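See below for the structure under consideration.
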Amino acid sequence: GIQVEQSPPDLILQEGANSTLRCNFSDSVNNLQWFHQNPWGQLINLFYIPSGTKQNGRLSATTVATERYSLLYISSSQTTDSGVYFCAVEWGGSNYKLTFGKGTLLTVNP
Amino acid sequence: SQTIHQWPATLVQPVGSPLSLECTVEGTSNPNLYWYRQAAGRGLQLLFYSVGIGQISSEVPQNLSASRPQDRQFILSSKKLLLSDSGFYLCAWKKQWSSYEQYFGPGTRLTVT
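If you read the protein sequences in the order shown, they are chains A and B. Mapping to the working numbering: the first sequence position 34 is 36, numbers consecutive. Mapping to the working numbering: the second sequence position 17 is 36, numbers consecutive.
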């Protein structure tokens, strides 16, 4: 199966700082999603981005499918951005199943 | 718009007791449905998925089972819970046969004592 690696595993920021989270995957993918898991456990869809660049407010994401990685950018971070960020991919042999990375735990301090 | 519901939100059960978790989706028809578990720590593990009524595929051998009695209803069950079954259980859906987004429910936090 496909391997999904996220880095860094943990990240601590001061409010207002910018950050970049990375997701590497070992095979071609049909779908790539970024999620934010809030303190209550809810998985919030951030981006559906199998290729290209998207932006939503202070967040943006870029996937370079040919080089098998995706980046999530968070600008002007706020305490409410704290939580775990997951990258998940759907690859050709997966029959529409997602494989998740282990996540990046982001802590934003006031 | 589509919504996904899970209940109960939290559950504390003794070892050896049965389990039934329910997931329902509104606002769509014939979705793909999924059960994931998140143990202590972060990783999400796919347990079961279904592409139609009565069609269940298992990803991990365990003492859990899943059923899909109706198009938009997905049930996770166990006859006898183990301590290792504790965790956070998430149901998800997506449009069938398409590479679109998966959407997750609010989850059920299960503690087996």
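Glycine included, every Cβ here is placed at the ideal spot set by N, Cα and C. Computed from a predicted structure; not experimentally measured.
Exercise. For the segment 103–123 of chain B, enumerate the residues whose C-beta is nearer than 9 Å to any C-beta of chain A, in chain order.
Key: Phe107, Leu109, Ala111, Lys113, Gln115, Trp116, Ser117, Ser118, Tyr119, Glu120, Gln121, Tyr122, Phe123
Practice problem: Determine the closest residue to B:Pro27 out of B:Ser20, B:Val34, B:Ser39, B:Gln21, with distance taken between C-alpha atoms. | Solution: One-based indexing of the second sequence puts residue 27 of chain B at position 8. Ranking the options by Cα distance to B:Pro27, first place goes to B:Ser39.
Practice problem: Check the Cβ-Cβ distances between B:Asn82 and every residue of chain A, and say whether any is below 9 Å. | Solution: Here residue 82 of chain B refers to the residue found at position 63 when the second sequence is read from its first residue. Chain A, which has no Cβ nearer than 9 Å to the Cβ of B:Asn82, makes this no.
Quiz item: Within the chosen definition, does the segment 7–25 of chain A reach the segment 43–51 of chain A through at least 3 CB pairs nearer than 8 Å?
Solution: no
Practice problem: Kindly give me the distance between the Cβ atoms of A:Glu143 and A:Gln80, rounded to whole angstroms, as I take these residues to be in contact under 8 Å. | Solution: Any question about residue 143 of chain A goes unanswered here, given that chain A covers just 3 to 112.
Exercise. Taking B:Arg91 as the query, report the chain A residues whose CB atoms sit under 8 Å from its CB, ordered along the chain.
Key: Translated into positions along the second sequence, residue 91 of chain B becomes position 72. Here the premise fails: no neighbours, minimum Cβ distance about 17 Å.
Quiz item: Taking only beta-carbon atoms, is B:Asn51 less than 9 Å away from chain A?
Solution: Sequence index remark: in the second sequence, residue 51 of chain B carries index 32 (1-based). It does; some Cβ of chain A falls within 9 Å.
Exercise. Return no unless some Cβ of chain B is closer than 9 Å to the Cβ of A:Gln57.
Key: As a first step, residue 57 of chain A must be located in the first sequence, where it is residue number 55. For A:Gln57, the answer is no, since every Cβ of chain B falls outside 9 Å of its Cβ.
Exercise. May I have the straight-line CA-CA distance separating B:Tyr119 from B:Gly71, to the nearest angstrom?
Key: As a first step, residue 119 of chain B must be located in the second sequence, where it is residue number 100. As a first step, residue 71 of chain B must be located in the second sequence, where it is residue number 52. Their Cα atoms are separated by approximately 17 Å.
Exercise. Counting only runs of 3+ residues fully inside the segment 26–68 of chain B, write out the beta strand (DSSP E) ranges in chain order.
Key: 29–32, 38–45, 51–57
Quiz item: Which bits of chain B does A:Phe27 rub up against, with CB to CB less than 8 Å?
Solution: Locating residue 27 of chain A in the first sequence gives position 25, where the first residue counts as 1. Simply none; closest approach about 15 Å.
Self-check item: Within chain B, partners of A:Val86 - CB distance below 7 Å
Solution: Along the first sequence, one-based indexing puts residue 86 of chain A at 84. Going along chain B in sequence order, the residues near A:Val86 (Cβ under 7 Å) are Arg61.
Quiz item: Between the segment 47–61 of chain B and the segment 77–92 of chain B, do three or more beta carbon pairs fall short of 8 Å?
Solution: As far as the Cβ criterion goes, the segment 47–61 of chain B touches the segment 77–92 of chain B, which means the pair count is three or higher.
Quiz item: Hey, how far is the Cα of B:Gln64 from the Cα of B:Gly106?
Solution: Locating residue 64 of chain B in the second sequence gives position 45, where the first residue counts as 1. Locating residue 106 of chain B in the second sequence gives position 87, where the first residue counts as 1. If you take the alpha carbons of B:Gln64 and B:Gly106, they lie about 11 Å apart.
Quiz prompt | Closest by C-alpha distance to A:Arg70, when choosing among A:Asn33, A:Tyr98, A:Val110 | solution = For the purposes of this step, residue 70 of chain A is taken as residue 68 along the first sequence, with counting starting at 1. Considering only alpha carbons, the answer is A:Asn33.
Quiz item: Thinking C-beta only, is A:Ser84 closer than 9 Å to A:Thr109?
Solution: By 1-based counting over the first sequence, the position of residue 109 of chain A is 107. By 1-based counting over the first sequence, the position of residue 84 of chain A is 82. Contact: yes.
Self-check item: Of the listed residues B:Gly126, B:Glu78, B:Ala58, B:Gly62, nearest to B:Leu102 (C-alpha basis)
Solution: Numbered from 1 along the second sequence, position 83 holds the residue referred to as residue 102 of chain B. Comparing Cα-Cα distances from B:Leu102 to each of B:Gly126, B:Glu78, B:Ala58, B:Gly62, the minimum goes to B:Ala58.
Quiz item: Under the rule that 16 or more other beta-carbon atoms within 10 Å means buried, what is A:Thr101, buried or exposed?
Solution: Along the first sequence, read from residue 1 onward, the residue named residue 101 of chain A stands at position 99. A:Thr101 comes out buried.
Exercise. Report the residue from B:Ala85, B:Ser36, B:Ser76 whose alpha carbon sits nearest the alpha carbon of B:Cys42.
Key: As a working mapping, residue 42 of chain B is identified with position 23 in the second sequence. B:Cys42 has its Cα closest to that of B:Ala85, out of B:Ala85, B:Ser36, B:Ser76.
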